[in-house]
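If you read the sequence shown in the working numbering, its first letter stands for residue 890, the second for the next number, and so on.
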Amino acid sequence: VKRVNPPTADTRHPSVSHLRKIRSYQIEANFYTNVAPLIQPPFSCTVPTPYSILSVDDSSSFQFILSDLNTNYKPSYGQLSKQHTLDALSWLANFHAFFHQHEIIINNVDHDDDNDDNQKHARVWQSGGYWHLDTRLEELQAVESSNYNRWSCFHPSNSNLASIINQRMKESHNTSFTLVHGDFKKDNIFFSSMKSPSIRSSRQDQTLLSPCAVVDFQYCGCGYGMKDVVMLIVSSVSNRIFDRSGGGDDENELLSFYYQEFRKQYLNKQRQETQRPQQQQDSGQFQHQEKGLTFDSFRKQYELCLLD
């Protein structure tokens, strides 16, 4: 059970942050009710099943009654191990592949402003993610403009660098955007409690259970899938994974794993949509038809999202 009782706000002049917080719970309720049920096998990205979602308009209170993930999943304590990192990247690859250029994305990017009246009717955020410039303008203005502040290069009085990066993060929704979780960190990921993390079938609902399950979809919306990958690696992955002296991986190996998982599931999506035989879906055809989905393009998106 997830209960939300936000503090009372000035109804005549509510703050932008308060309105965004309330909207985030409306977005999350819509995700569980109308978006998550769209995901079908062979895509494997487990999320809680909603039993009841109630909201009280006059108080902006919410109550989510969701399925108990503890039956099959447990939280991870400390930084993520390599296996848990790969499990999380596999979940993301399935999620991003399924929603790549989905009608939810195409129909949700007609307007750029997350705060205008159009967003009130959107199914997901038009710019997915907890952190992006449109929601942090006050913080940007508060950056001290001085030679002694390493962040001063982003201050509007010094340059428009922050705005340029922000615009780059928005400009490719016709070819590269998918649905992003928006806050993909270990606190929102639960890992299989079974010894074998392989995909299993639930006898109750016959859905595929992935090696991990994910919660908290308040900030899901349109964007580069690499937003989620960056959030995961920066916030949650153990530094030991990147210790080359100890035989660790570099980030390219993690990105390659994600890309291969994404490619496999995207080909599954193409086969479902076109009903073409599997042997016709070779690697060359994949890259020829989807030039924006090469590993090189994913790497560039990762670097852009890391900068953002």
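Virtual Cβ for every residue (Gly too), placed ideally from N, Cα, C.
As computed with DSSP, Lys-891 is found in a beta bridge with Phe-953. Around the CB of Val-945, fewer than 16 other CB atoms lie within 10 Å, so the residue is classed as exposed. Annotation: Thr-938 is outside any beta strand (DSSP E) and is labelled neither H nor E by DSSP.
The C-beta distance from Ser-956 to Thr-974 rounds to 25 Å, too long to meet the 8 Å contact threshold. In the same chain as Asn-1077, and ignoring 5 residues on each side of it, the C-beta atoms closer than 8 Å to its own belong to His-1070, Val-1103, Val-1104, Asp-1105, in chain order.
In the structure shown, the three-state DSSP call for Ile-1078 is strand. DSSP places Ile-942 within a strand segment (E or B) once states are collapsed to three. Taking a contact as a CB-CB distance under 8 Å, the pair Lys-963 and Phe-1079 counts as one, their CB atoms being some 6 Å apart.
A straight-line Cα-Cα distance of about 21 Å links Glu-917 and Phe-932. Within its own chain, the residues whose Cβ lies closer than 8 Å to the Cβ of Gln-1154, once the five positions on either side in sequence are excluded, are Pro-931, Phe-932, Ala-982, Asn-983, Ala-986, Phe-987, listed in chain order. Between the beta-carbon of Asn-961 and that of Ser-1125 there is about 21 Å, and that puts the pair past the 8 Å contact cut. Note on geometry: alpha-carbon atoms of Glu-1192 and Arg-1012 lie some 28 Å from one another. Gln-1107 counts as buried, since no fewer than 16 other beta carbons sit within 10 angstroms of its beta carbon. Here Gln-1030 is exposed: its Cβ has fewer than 16 other Cβ atoms, across all protein chains shown, within 10 Å. Non-local C-beta neighbours of Arg-1188 in its own chain, meaning closer than 7 Å and more than five positions away in sequence, comprise Leu-1144, ordered along the chain. Asn-894 counts as exposed, since fewer than 16 other beta carbons sit within 10 angstroms of its beta carbon. Counting along the chain, Thr-1024 sits inside no beta strand (DSSP E), nor does DSSP assign it H or E at all. A distance of 8 Å or more separates the beta carbons of Tyr-1113 and Leu-978. A straight-line Cα-Cα distance of about 31 Å links Leu-969 and Ile-911. For Lys-963, the uninterrupted beta strand (DSSP E) segment begins and ends at 962 to 964. With a threshold of 16 other beta carbon atoms within 10 Å, Trp-1020 falls short and is exposed. When the alpha-carbon of Cys-934 is set against those of Tyr-940, Ile-1130, Ser-1099, the nearest one is in Ser-1099. Nearest to Asn-996 by alpha-carbon distance, out of Ser-949, Asp-1197, Gly-1110, is Gly-1110. Annotated three-state conformation of Thr-1067 is strand, per DSSP. With fewer than 16 neighbouring CB atoms inside 10 Å of its own CB, Gly-967 falls in the exposed class. If you draw a 10 Å sphere on the C-beta of Gln-1056, you find fewer than 16 other C-beta atoms in it, and that means exposed.
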